[in-house]
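Asks: According to my numbering, the residues represented by the sequence shown are 4 to 285, in order.
Note that the Cβ used here is the ideal one computed from N, Cα and C, for glycine as well.
Before we start, here is the structure in question, set down as C-alpha cells.
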Amino acid sequence: MNITEITPFIGAEITGVTYEDFADQRTVDAFVDAVNQRELVVIRGFEITPEQQVALARRLGTPVPFVIEKYRHPDVPEIMISSNEKKNDKPVGVARVGNFWHQDSSFVADPAPYTMLHGVNVPATSGHTLFASAADVYDRLPDEWKNKVAGRTGVHTVAKRLRIREEHIGLSVAEFRAWIDIEHPKVEHPLVVKDPFTGKEYLYGAPEYMDGVVGFDANENEAFFTLLDSLIQDDAHVYTHRWTPDDLVVWKTQTTLHCATDVAPGDARTVHRVSIAAQGRP
C-alpha cells in the first residue's frame, strides 16, 4: 500500500490496496491515520459491494442510516443513494445533493465526523466534487479577521438549503419558516476549532449553512461571508475530484469543505454515501 499527497493543502491517495487487505489491522490503521491527518482520502477503482462499503465504514466509526427512508439503499439502510437515474420510472435516489460549498451537517448539534462516498456509476466529464480545507481557509484569513473571529460562535441553520417537499405545498412563506424553526432549530458551534488529530486551527462554518456570527452586525456578517466565499472558492486552493468508476472517497466532515458540481444533461450518475458517527454512538 502506498499513500501519496494529492495537494499541499488537502488530500491523500492510497494505491496498491484491495478490500481484502483491510483484514490486516496495519492497513486499517494506515487508512484511518491518513483520513485524520490529510482530511480527505481517495482510493481509485476500489471495487466493493454495498455491504463491504458499510463494513469498511465501521473501521472509522458507526454508520448511520440516512434520515429519509425512501433514499436509503433497499438492502443496506446505512447507505444513502445519490442518483439522477430512474428505475421503472421512479428515482433511484436523491438528485442534486450538496451543489454548494458546505461542511456536512454543521446545522445539527453533534454532526457525524466522517463521510464516505463510493462511485457506482459516474460520468467522466461532469459531476465532479470540489474539496477545500477549513484549516487552509483559516490560515489564509487576514490577521484582522483572525482577531475578529477569535472566541466567536457561529449560528448554523439548514434554512437556506432546506428542500420544499410535497407535505409543504400550500404553506405560506411565514408558515414554512415557522416549520423550519421547529423541526430544524438553529445550533451554535465555536467558529474557530482546533483539530485534535493535526493540532491545526480551522474555521467551522460555511455561509450556506450559517445564519451569522454571534456579536456581528449585518454588515460584519455580510463582509465575513463574502470573504469566506472568496477564500473557499479560490481555485489555487481547491482540489477537484474527477470521478472514475468505483472510486472511494472519505473525508472528515468538520475540516473538509466540499461542493458537488452539476451533472451534464444526459449523463447518469449514482454514488453511495455513508455517514459515519464516532465509535460508541449512533
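Can you list, in chain order, the residues of its chain with a C-beta nearer than 7 Å to that of Pro285? Leave out the 5 residues immediately preceding and following it.
Replies: At Pro285, the pLDDT of 49 sits below 50, so the modelled position is not reliable and the matter cannot be decided from this model.
Asks: Whole angstroms is fine: what's the gap from Asn224's alpha carbon to Thr258's?
Replies: For Asn224 and Thr258, the distance between alpha carbons rounds to 21 Å.
Asks: Nearest CA to the CA of Val161: which residue from His187, Ala239, Val152?
Replies: Comparing Cα positions, the closest option is His187.
Asks: Excluding five sequence neighbours on each side, which residues of the same chain lie with their C-beta closer than 6 Å to the C-beta of Asn91?
Replies: Nothing meets the Cβ criterion.
Asks: Among the residues of its own chain, which have a CB less than 7 Å from the CB of Val111, if the five just before and after it don't count?
Replies: So the qualifying residues of the chain are Val190.
Asks: Please confirm if Asp249 has its CB atom under 8 Å from at least one CB of chain D.
Replies: In the structure shown, chain D cannot be found, because there is only a single protein chain.
Asks: Using 8 Å as the Cβ pair cut-off and three pairs as the minimum, do the segment 258-267 and the segment 149-160 touch?
Replies: The segment 258-267, when compared against the segment 149-160, does not touch it at the 8 Å Cβ threshold.
Asks: Look up Tyr207 in the DSSP assignment and say whether it is helix, strand or coil.
Replies: The answer is coil: DSSP assigns Tyr207 none of H, G, I, E or B.
Asks: For Ser109, which three-state DSSP category applies?
Replies: Of the three classes helix, strand and coil, the one that applies to Ser109 here is coil, per DSSP.
Asks: Tell me where the alpha helix (DSSP H) around Ala263 begins and ends.
Replies: Unbroken run through Ala263 is the beta strand (DSSP E), 259-263; no alpha helix (DSSP H).
Asks: Please classify Gln56: is it buried, with 16 or more other beta-carbons within 10 angstroms of its beta-carbon, or exposed?
Replies: Buried is the call here.
Asks: With a threshold of 16 other CB atoms inside 10 Å of the CB of Thr256, please say whether the residue is buried or exposed.
Replies: Buried, because 16 or more other Cβ atoms sit within 10 Å of the Cβ of Thr256.
Asks: Keeping to the same chain, check which residues put their C-beta closer than 6 Å to that of Lys203; ignore five residues upstream and five downstream.
Replies: The answer, listed in chain order, is Ala138.
Asks: Starting from Pro309, follow the alpha helix (DSSP H) in both directions and report where the run begins and ends.
Replies: Any property of residue 309 remains undetermined from this structure, which presents the chain solely from 4 to 285.
Asks: Whole angstroms is fine: what's the gap from Met213's alpha carbon to Ser278's?
Replies: Rounded to the nearest angstrom, the two C-alpha atoms are 21 Å apart.
Asks: Considering Pro193, what are the terminal residues of the beta strand (DSSP E) in which it resides?
Replies: 190-193 is the extent of the beta strand (DSSP E) around Pro193.
Asks: So if DSSP puts Ala135 in a beta bridge, which residue, or which two residues, is it bridged to?
Replies: Answer by DSSP bridge pairing, in chain order: Leu260.
Asks: Among Ser86, Trp246, Glu16, which has the Cα closest to the Cα of Val35?
Replies: Residue Glu16 is the option with its Cα nearest to Val35.
Asks: Runs of 3 residues minimum, wholly inside the segment 17-48: which ones carry the beta strand (DSSP E) assignment?
Replies: Listed in chain order, they are 43-46.
Asks: Report the rounded CA-to-CA distance for Phe69 versus Gly215, giving the unit in angstroms.
Replies: Whole-angstrom Cα-Cα distance: 27 Å.
Asks: Pull the bridge partners of His252 from the DSSP assignment, please.
Replies: Reading off the sequence, residue 252 comes out as Val, not His. According to DSSP, Val252 bridges with Val45, Leu120.
Asks: Going by Cα to Cα distance, which pick from Lys197, Glu54, Pro11 is closest to Met83?
Replies: Cα-wise, what sits closest to Met83 is Glu54.
Asks: So, under 8 Å CB-CB, Val125 and Thr247 are touching, yes? Tell me the CB distance rounded to an integer number of Å.
Replies: Correct: roughly 7 Å between the Cβ atoms.
Asks: Per DSSP, what kind of secondary structure is Ile6 in: helix, strand or coil?
Replies: Reduced to three states, the DSSP call for Ile6 is strand.
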